[in-house]
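Below: one structure, written as structure tokens.
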Amino acid sequence: MKVVLGAFERRRKYFEDWRRYVDELCVFARRWYSDARIIVFGSVVKGGYDVLSSDIDVLVVTERAPSDVWEIARFRVSVQDFFGDPAIPFELYVVSSEQYEGWYKRFIDKYVEVY
Numbered sequence: 011m012k013v014v015l016g017a018f019e020r021r022r023k024y025f026e027d028w029r030r031y032v033d034e035l036c037v038f039a040r041r042w043y044s045d046a047r048i049i050v051f052g053s054v055v056k057g058g059y060d061v062l063s064s065d066i067d068v069l070v071v072t073e074r075a076p077s078d079v080w081e082i083a084r085f086r087v088s089v090q091d092f093f094g095d096p097a098i099p100f101e102l103y104v105v106s107s108e109q110y111e112g113w114y115k116r117f118i119d120k121y122v123e124v125y
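To convert, take the position in the sequence shown, counting from 1, and add 10; that gives this note's numbering.
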């Protein structure tokens, strides 16, 4: 039970103050992708998220979006290292403007563009 409560408390801080953590993510992401636009979508924006089962969906839109899955994985691990939390609840998508316009924009009905 203590493990579940610990996980809940650790995740809850990100959801309750998601804008602050996304602002920090923006600064970090710009070090990797200087032209990055950061778009948050999903349950955290719509409301109704569940701390234990939801995540914070974040699009990093950049013209330098890698096609190599290992490069995207390195970025994700670097984000975990930056926050000092391997279980940070960000679900990160690194995409080009073309991918965003052609795919993601079609099904994202509510979002917050942070940067």
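Ideal placement from N, C-alpha and C gives every residue a C-beta, glycine not left out.
Just so it is clear, the structure is predicted and the values come from calculations on it, not from any experiment.
| Item | Value |
| --- | --- |
| Can you check which of these residues, E101, R116, P76 and V71, is closest to F25 by C-alpha distance? | E101 |
| Can you look up R47 in the DSSP assignment and give me helix, strand or coil? | strand |
| With a cut-off of 8 Å on the beta carbons, I'd call V89 and F38 a contact; round off their distance for me. | 6 Å |
| Determine the DSSP secondary structure at I118, reduced to helix, strand or coil. | coil |
| Roughly how many whole angstroms lie between the Cα atoms of Y6 and S53? | The structure shown does not extend to residue 6, since the chain is modelled only from 11 to 125, so the question has no answer here. |
| Taking the continuous beta strand (DSSP E) assigned at Y103, which residues delimit it? | F100 to V105 |
| Does the beta carbon of F85 come closer than 7 Å to any beta carbon on chain C? | Annotation note: the requested chain C is absent from the structure, which comprises a single protein chain. |
| Applying the criterion that 16 or more other CB atoms from any shown protein chain within 10 Å of the CB defines a buried residue, is W80 buried or exposed? | exposed |
| Among the candidates D60, D95 and V71, whose CA atom is the shortest distance from the CA of Y43? | V71 |
| Pick out the complete beta strand (DSSP E) segments inside the stretch 15 to 84, 3 residues or longer, and give them in chain order. | 47 to 51 and 66 to 71 |
| Quickly, what does DSSP pair E123 with across the bridge? List them, please. | I49 |
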